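Under UniProt numbering, the residue at position 308 of the sequence shown is numbered 308, and the numbers go up by one with no gaps.
For every residue, glycine included, the Cβ atom is placed at its ideal position computed from N, Cα and C.
Note that this is a predicted model, so its numbers are computed, not measured.
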Amino acid sequence: MANSRFEYVKSFENPGTLDPRNWIVVTLSCRNVDALTRTHNFEQPNDSRFLRLVQSSGESVMREIKEIVLGYQFAGECSFVFGRNTTLYKRRGPKLLTNICSLMSSCFVYNWTRHFGSVALCRLPVFEGVTYLFPEDQNLRDYLTKRQKECHNQNLYQTCLKGMICKGMSTQDAINSLQGTSEGQQNEILFTQCGINYNNEDAVFKKGTVMVRDKVNVSVITPDGSTANRKQSQIITLQTDLVKDEFWTRQFILDQPTKANANKHSYLRAFEKNAPLLPETWIVVRVDGKGFHKFSERHDFRKPNDKRSLELMNRAAISVMNTHTDIMMAYGQSDEYSFIIRKDSTLLPRKENSTVLPRKENSTVLPRKENSTLLPRKENSTVLPRKENSTVLPRKENSTLLPRKENSTVLPRKENSTLLPRKENSTLLPRKENSTLLPRKENSTLLPRKENSTVLPRKENSTLLPRKENSTLLPRKENSTLLPRKENSTVLPRKENSTVLPRKENSTLLPRKENSTLLPRKENSTVLPRKENTIISRIVSLFSAQYVREWPKVFVDVPMSYPPSFDGRCVLYPNVKCVRDYFNWRQADCHINNLYNTCFWALVENGGCSPRQAEAKLRGTFSDDKRRLLSLGFGRDYDDEEEVYRKGTVMTRKVVKSRGNYDEEKITSRKNYDVEKIKSRENYDEEKITSWKSSDEEKIKSRKNSDEEKIESRKSSDEEKIESWKNSDEEKLEPLKNSDVEKIESRNYFGTEKMCEGDGDDFVEREEIEERRVCEREGRVCEREEKVCERKERVCERQERVCEKQERGCEKQERGCEREEKVCERQERVCEKEEQKERVCEREDRVCEREEKECERQKGECEREESVCERKEKMCERQKRVCEKQKRVCEGECEREEKVCEGECEKEERVCEREEKECERQKRVCEREERVCEGECERQKRVCEGECERDNITVENVDIINDTFWTLRPWLLNYEG
């Protein structure tokens, strides 16, 4: 793609070169360990099969990448250390991270059956990577020590938790009892309550696994056939203590002196290389196969294209798009795939030390209402008085208000501001038990103040002091704080029954944009944070794992010899044009590579050339030369090749039905966009047709006029020439005739005189001579007349030529008529396009009708569910009445039996207590059923109202370089042409 107009998009790529002379540590952590544990029923607190699988995957990574000098693994986490002077991949951080992450995921899936046997892999692992740069040896030692300490703490906690659960305690009670306990207390609980000595646990669970390279004597067969011992570098595993100096002085010797730091590892966070990406930019992640030429030869891929390999790549890409709903489009060709993440995928990166507590299970956030905002108060603003008959609910006991900040003020009311008086007989609702204010009675009086109590008058612009403890406002949740809002920040009101967890200290939320909405997420869908390492590691990990898992389904008869690996890169593009040019660049590159490979393998397989000869023959050729070579040399037309090979694969996400007004706005905007496009095209076509008509008419008229003028001018010139010729001939003939007549008369007169004077014979001879002369003269006159006739014939020929020219003019007129017919045909085509558009509109109307019917059906289901809930409520009320009756019966029976004997009364009381417990249990069951019904009804209502989003991924082989692809899919990039 040299000198291509799309090549400028490469300038946006950042190599991400890491600083030299620093230790590079790449840490991979499995983000879905809990999900894997639940899905595959791993043993708790530690599953040795899972640990061995992760360890073997880490060893495979170290065997493949020789520059890794040290590794550490525990649970689902693995850290790899590169030397200070490594130049692998030119020290490009994203390439190092993605290659390790991809190979780790591939080895995990590839080695699954070796460790788990017949247990099927139902959920793929997702590894997330982080890169650290440590300038000093002490930093490296502190980091690995910190990871081993984390391993110890996690294993101790999980062992203690599992032991308490095995002793009969519930999971939540065990978690609550272990909350806030120290390491010593956990050891004590484990020993006293569970009877387990933590020191007897396996070292691999307590300390993790250290992987180092060491020289080992290996017997090797020499060329002579004898055996000899040679030292080779192999990977050995250790369960050693990284806190002590023994490992750092014997196994892995550092250049600088180091020491053990006790709990001083918080500074290591600053060495992390995972900066947030720029906001409001399009994120493109490209995944490339590493060493796929060798991989394809090892597994006998068909040349030049193997449809099975492309199908496998497509399946892996679909898995990535289904998992990460922020990916709107993907393009793949050969051994690479590009994913585009929408620029508004996540909120902007938060400030330092800002955190949001995780949501509880099954917790939901309802969508906010449209255009609802809370504007900040203006200066000197006042609070409007309450409406008539308004009530204030009583406050809870021991409620407190947080103290105000320093220099906080309450603005004074405006002058002459009044509060509306209460209505007659209006009362405040009574407070709860032990509340301090009771409703007033009629003619009630206020109690006198305590002794020595005074109320100071309030000054203008005075401030309110912070409230004391035990104030009467509702208490907030633990550790909840309210931070001051930023300027121009807006908060949308929440719906009923919505809950929000308390935020931590110093947490802030950036203001939302106007008219912003949040769509509900799908099940198991994730939103990628705007951090480069996080994005590329998750995508590459999932892509590699899915590629290996789908291999047996696509390559049925070909076993995988070794797991593949992919590398990824992340590129930011500021606008839609750059994103379009990027995909145009990749598709043009697909076309060029496929054309070259097709010619190359045609020469090798059918042309009798070796690979070097074929490469030399194709060196310096252009696309036309290659096409000519295929058509003339092998009888193949490149355009007849399959589109998946020539154009690649395009995957797009189309929103079928989204939530509420958000979808209506999208649909209306798209309809308006389509209508405007259709109108603009119609106007453009009409203008073109009218311009064509006017230009054709003007040309025809000008040609007619020019032809008529030429014909008339030629006619007039021919007539003038004929008249001039006639006049010239008459003028020449008249003097000759006159001279002949005069001569004849003179001769006759002279002859008569001679006859009178001389002989008659001489006279006769003279007359004969004269007659001959007259005949000769008449012959000359006839010749002249013949010449005149010839001239007339020439004039007739000229007239015939004029007629031919007239016929040509008629032919030109016929051509003009043909052009008019073509214009009419164009108009007919435009009409056909309009009819097609009308058909599309009719189809859309049918789809809308179907959706309306579906909504009506779902509403009917909701009504049915509501009726079921009402019936269940009535059943609960009936059961309550039955319980009350039973209680009354029990009370009556108890009174009767008391009179008889006390023993029987005690028995009856026990029976009543049992029945009461049974009634309470039935009440709880009814309440649970009511909650389930309410939840189901709410879910059905949300479905009916269109509050759930369903995405459809389409796979196509189309041309994305022209504008048609983007204009037909405006939702991809909000493309406007």
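Quiz item: Helix, strand or coil: how does DSSP classify VAL943 here?
Solution: With a pLDDT of only 42 at VAL943, under 50, the local geometry of the prediction cannot be trusted, and no value is derived from it.
Quiz item: DSSP puts TYR582 in a beta bridge; with which residues?
Solution: Paired residues: none, contrary to the question.
Quiz item: DSSP puts TRP23 in a beta bridge; with which residues?
Solution: PHE134
Quiz item: Would a C-beta distance cut-off of 8 Å place THR240 and ASP137 closer than the cut-off?
Solution: no
Quiz item: Across which residues does DSSP place ASP288 in a beta bridge pair?
Solution: GLU336, ASP567
Practice problem: Could you please give me the residues that DSSP links to ARG92 through a beta bridge? | Solution: THR17
Quiz prompt | TYR645: first and last residue of the uninterrupted alpha helix (DSSP H) it sits in | solution = 643 to 646
Quiz item: Who does MET651 pair with in a DSSP beta bridge?
Solution: ALA330, VAL955
Quiz item: Under three-state DSSP, which class holds ASN274?
Solution: coil
Quiz item: From this set, PRO552, ASP19, GLU642, which residue's C-alpha is nearest LEU312's C-alpha?
Solution: PRO552
Exercise. Find out if the Cβ-Cβ distance for the pair VAL130, VAL81 is shorter than 8 Å.
Key: no
Self-check item: Cβ-based neighbour list, ASP255, same chain, cut-off 8 Å, excluding 5 preceding and 5 following
Solution: ASP137
Quiz item: Going by the beta-carbon positions, is the gap between VAL69 and GLY83 smaller than 8 Å?
Solution: yes
Quiz item: MET560 to LYS677, Cα distance in whole Å?
Solution: 51 Å
Quiz item: Does the Cβ of ASN389 have 16 or more other Cβ atoms within 10 Å, making it buried, or fewer, making it exposed?
Solution: Low confidence applies to ASN389: its pLDDT is 48, below 50, so where it sits in the model is not reliable enough to give any reading.
Quiz item: Quick one: what does DSSP say ARG969 is sitting in, helix, strand or coil?
Solution: coil
Exercise. Would you kindly check if the distance between the Cβ of SER338 and the Cβ of ALA330 is under 8 Å?
Key: yes
Quiz item: Under the rule that 16 or more other beta-carbon atoms within 10 Å means buried, what is PHE543, buried or exposed?
Solution: buried
Quiz prompt | Spatial distance of GLU913 from GLU927 (CA atoms) | solution = 21 Å
Quiz item: Under the three-state reduction of DSSP, which class applies to ASN962: helix, strand or coil?
Solution: coil
Quiz item: Comparing alpha-carbon positions, which option in CYS160, GLY93, CYS775 lies nearest THR534?
Solution: GLY93
Exercise. Could you tell me whether the region 157 to 177 touches the region 283 to 295, where touching means 3 or more Cβ pairs closer than 8 Å?
Key: no
Practice problem: Using 10 angstroms around the beta-carbon of MET875, count the other beta-carbons present and answer buried if the total reaches 16, otherwise exposed. | Solution: exposed
Exercise. Could you tell me whether the region 24 to 42 touches the region 72 to 81, using the rule of 3 or more Cβ pairs below 8 Å?
Key: yes
Quiz prompt | Cβ neighbour criterion (16 or more within 10 Å) applied to GLU854 | solution = exposed
Self-check item: Alpha carbon of GLY289 to alpha carbon of VAL830, nearest angstrom
Solution: 47 Å
Quiz item: Where does ILE196 fall in DSSP's three states?
Solution: coil
Quiz prompt | Under 8 Å between C-beta atoms of VAL540 and PHE566 | solution = yes
Quiz item: Leaving out five residues before and five after THR145 in sequence, what residues of the same chain have Cβ atoms less than 8 Å from its Cβ?
Solution: LEU242, VAL243, ALA260, ASN261, HIS265
Quiz prompt | Length of the line joining the Cα atoms of GLY607 and ARG230 | solution = 48 Å
Exercise. Rounded to whole angstroms, what's the CA-CA distance from PRO688 to ARG819? Just pull it up for me.
Key: Before going further, note that residue 688 is Lys rather than Pro in the sequence given. Taking the straight line from one Cα to the other gives about 14 Å.
Quiz item: With a cut-off of 8 Å, do at least 3 Cβ pairs link the region 289 to 306 to the region 161 to 175?
Solution: no
Exercise. With DSSP as the reference, please indicate the residues paired to VAL212 in a beta bridge.
Key: LEU70, ILE236
Self-check item: Proximity below 8 Å, CB of ARG29 to CB of GLU128
Solution: Reading the sequence as shown, one finds Ser at residue 29 and not Arg. The answer is yes: Cβ separation under 8 Å.
Quiz item: Considering only the beta carbon of each residue, do TRP23 and PHE134 sit closer than 8 Å?
Solution: yes
Exercise. Taking only the alpha-carbon atoms, compute the straight-line gap between GLU918 and GLU884 and give it to the nearest angstrom.
Key: 12 Å
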